[in-house]
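Participant:
Protein chains: 2
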Amino acid sequence: MISNKAKYAFRALLAIAAAPVGEAITSAEIARRYTIPHKFLEQILLDLKKAGILDSRRGKSGGYVMLRPADTVSFGEVLRIFEGPLAPLPCLSRQSYRRCEDCVSEANCEIRREFGRSYDASRQVLDARTIGDALTNTPFGTPLPLDDRRAG
Amino acid sequence: MISNKAKYAFRALLAIAAAPVGEAITSAEIARRYTIPHKFLEQILLDLKKAGILDSRRGKSGGYVMLRPADTVSFGEVLRIFEGPLAPLPCLSRQSYRRCEDCVSEANCEIRREFGRSYDASRQVLDARTIGDALTNTPFGTPLPLDDRRAG
DNA sequence: CTAAATGCCTACTTACAAGATAGGGAATGA
DNA sequence: TCATTCCCTATCTTGTAAGTAGGCATTTAG
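Chain order of the listed sequences is A and B.
Take 1 as the starting number for the first sequence in this note's numbering and just add one per residue.
Take 1001 as the starting number for the second sequence in this note's numbering and just add one per residue.
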């Protein structure tokens, strides 16, 4: 199961990306719409801003807007911000590889091999599908700019 | 990341399944071979026994053997024993479905739709590949008896 | 100019689960 | 009969999720 934090982040991103261009959405509005604890959501939006995904304006008529286009923000990228590496085993993560402590031979590890298959399959979806796709029903398979095809 | 508990379970199952037929492997032997805390491993093996996957003999020359053939025990089944539902969202689990609390419309939920894709992809691997496959390098795609194609 | 609205930042709390550790009971076979 | 093995339950420690809380900083409408 993904964390509430991540799920709230997706709710927020989808709401912000769906807004008319240039129109900022406040954290209070999102919190109200999805019954998310407001202060908790604020932290999440802040994380998304620090990650370079959102931009914000303060004061009256402030709020959040997309910094990058929604179709360059993949589900995998967002998930990694809040959950860390998505790999089922440390030895399968490309971003933060770590050898398993009880590992005898990585090359011959059946567990690694089988979970590698599974991880590949799910990563292929998560890193390919974007917030923009999700909103516009872009058919699955549409390629992404290379920069956004990172692994975790 | 999967839990240590689950990983240890796979180590143990693979070791037991790889042993000559009828030959029991002790928990101590597995613990030693993979540097797994012995008492911790005992609990895990007990869980696998209660799940009907392993059988055991006590006393001298005791140990564990497979109760069911290794090629009927899928990675997904084992994982569910130790991790609970594998679904990334409660509303995607077939075994223990739960509506998301912040859900407005399940049918129109973009998060559910996208994670559904990803989950399908990984489940297809985890529920198809078995301990037996992993040991014998059975090519991916070999079908399983229907009983073992359960979802979580 | 100022006050309300909004985002920004940090500290804290609470509940639960992972990952063991510990101790002993029960069966088995040499 | 006793060493060996599995069986069962309780306890501990640590970390993290999920949220609460309080206040500062910035912007802009009035």
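We put the CB at the ideal spot given by N, CA and C, even for glycine.
These figures come from a predicted structure and were not determined experimentally.
Mind checking whether residue 1090(B) and residue 1100(B) have CB atoms under 8 Å apart?
Facilitator: Against a cut-off of 8 Å, the Cβ pair of residue 1100(B) and residue 1090(B) comes out as a contact.
Participant: If contacts are defined as beta-carbon pairs under 8 Å, then residue 74(A) and residue 126(A) qualify, I think. What distance do you get, rounded to the angstrom?
Facilitator: Their Cβ separation, rounded to whole angstroms, is 7 Å, which keeps residue 74(A) and residue 126(A) in contact under 8 Å.
Participant: How big is the Cα-Cα spacing for residue 44(A) and residue 88(A)?
Facilitator: Going by the C-alpha atoms only, they are around 24 Å apart.
Participant: May I ask which residues mark the beginning and end of the alpha helix (DSSP H) holding residue 1122(B)?
Facilitator: 1110-1126 is the span of the alpha helix (DSSP H), which, as asked, contains residue 1122(B).
Participant: Can you find the residues in the same chain that come closer than 8 Å, C-beta to C-beta, to residue 96(A), ignoring five residues on each side of it along the sequence?
Facilitator: Around residue 96(A): 84, 85, 90 and 152.
Participant: I'd like to check one pair, residue 1129(B) with residue 106(A): are the Cβ atoms closer than 8 Å?
Facilitator: No. Outside cutoff.
Participant: Using DSSP bridges, identify the partner residues of residue 63(A).
Facilitator: The partner list for residue 63(A) (beta bridge, DSSP) reads 57(A).
Participant: Cα-Cα, which of 1110(B), 1065(B) and 1118(B) is closest to residue 1023(B)?
Facilitator: Taking only the C-alpha atoms, the option nearest residue 1023(B) is 1065(B).
Participant: Short check: CB of residue 131(A) to CB of residue 48(A), under 8 Å?
Facilitator: No. Outside cutoff.
Participant: Please report the residue range of the alpha helix (DSSP H) in which residue 133(A) lies.
Facilitator: Segment 131-136, the alpha helix (DSSP H) holding residue 133(A).
Participant: Where does residue 1030(B) fall in DSSP's three states?
Facilitator: Note: residue 1030(B) maps to helix in three-state DSSP.
Participant: Which whole runs of the alpha helix (DSSP H) in the region 65-89 of chain A are 4 residues long or more, in chain order?
Facilitator: Listed in chain order, they are 75-83.
Participant: What is the rounded straight-line gap between the Cα of residue 3(A) and the Cα of residue 79(A)?
Facilitator: If I take the Cα positions, the gap works out to 9 Å.
Participant: Output needed in chain order: residues of the region 64-79 of chain A with a Cβ under 8 Å from some Cβ in chain B.
Facilitator: Listed in sequence order: 75.
Participant: Since residue 1028(B) contacts residue 1037(B) with CB under 8 Å, what's their CB separation in whole angstroms?
Facilitator: Not confirmed; about 12 Å, so no contact.
Participant: Identify the residues that DSSP records as bridge partners of residue 1025(B): which are they?
Facilitator: Answer is 1064(B).
Participant: From the beta carbon of residue 1125(B), is the nearest beta carbon of chain A less than 8 Å away?
Facilitator: With 8 Å as the cut-off, residue 1125(B) counts as an interface residue toward chain A.
Participant: The region 1088-1103 of chain B: which residues have C-beta closer than 8 Å to a C-beta of chain A, in chain order?
Facilitator: Those would be 1088, 1089, 1090, 1100, 1101 and 1102, in chain order.
Participant: Leaving aside the five residues before and after residue 1055(B) along the sequence, list all residues of the same chain whose C-beta is less than 8 Å from its C-beta, in chain order.
Facilitator: Same-chain partners within the cutoff: 1049, 1064, 1065, 1066 and 1067.
Participant: In three-state terms, what does DSSP make of residue 1091(B)?
Facilitator: Residue state, collapsed to three classes: helix.
Participant: Considering Cα atoms alone, identify which of 35(A), 118(A) and 134(A) is closest to residue 1001(B).
Facilitator: Checking every option, the nearest Cα to that of residue 1001(B) belongs to 118(A).
Participant: Report back the beta-carbon spacing between residue 189(A) and residue 135(A) to the nearest angstrom; my notes put them in contact at under 8 Å.
Facilitator: This structure does not reach residue 189(A), given that chain A is present from 1 up to 152, and the question cannot be answered.
Participant: Given that residue 1036(B) touches chain A, what residues does it touch there, using C-beta distances under 8 Å?
Facilitator: Within 8 Å Cβ-Cβ: 102.
Participant: Just mark residue 57(A) as buried or exposed, buried being the case when its beta carbon has 16 or more other beta carbons within 10 Å.
Facilitator: Classification for residue 57(A): exposed.
Participant: Who are the near neighbours of residue 1009(B) in its chain, counting only those whose CB is closer than 7 Å to its CB and skipping five residues on each side?
Facilitator: Cβ neighbours of residue 1009(B) beyond the five flanking positions: 1044, 1048, 1078 and 1082.
Participant: Closest to residue 70(A) by C-alpha separation, out of 76(A), 53(A) and 111(A), would be which residue?
Facilitator: Considering only alpha carbons, the answer is 53(A).
Participant: Is the CB of residue 50(A) under 8 Å away from at least one CB in chain B?
Facilitator: Answer no: the Cβ-Cβ gap between residue 50(A) and chain B never drops below 8 Å.
Participant: May I ask you to list, following chain order, the residues of the region 1107-1121 of chain B that have a beta carbon less than 8 Å from some beta carbon of chain A?
Facilitator: Taking 8 Å as the Cβ-Cβ cut-off against chain A, the residues of the region 1107-1121 of chain B that qualify are 1110, 1111, 1113, 1114, 1115, 1117, 1118, 1119 and 1121.
Participant: Give the DSSP-derived three-state secondary structure of residue 102(A) in the structure shown.
Facilitator: In this structure, residue 102(A) counts as coil in the three-state DSSP scheme.
Participant: Under 8 Å, Cβ to Cβ, is there at least one residue of chain A near residue 1046(B)?
Facilitator: Residue 1046(B) does not count as touching chain A.
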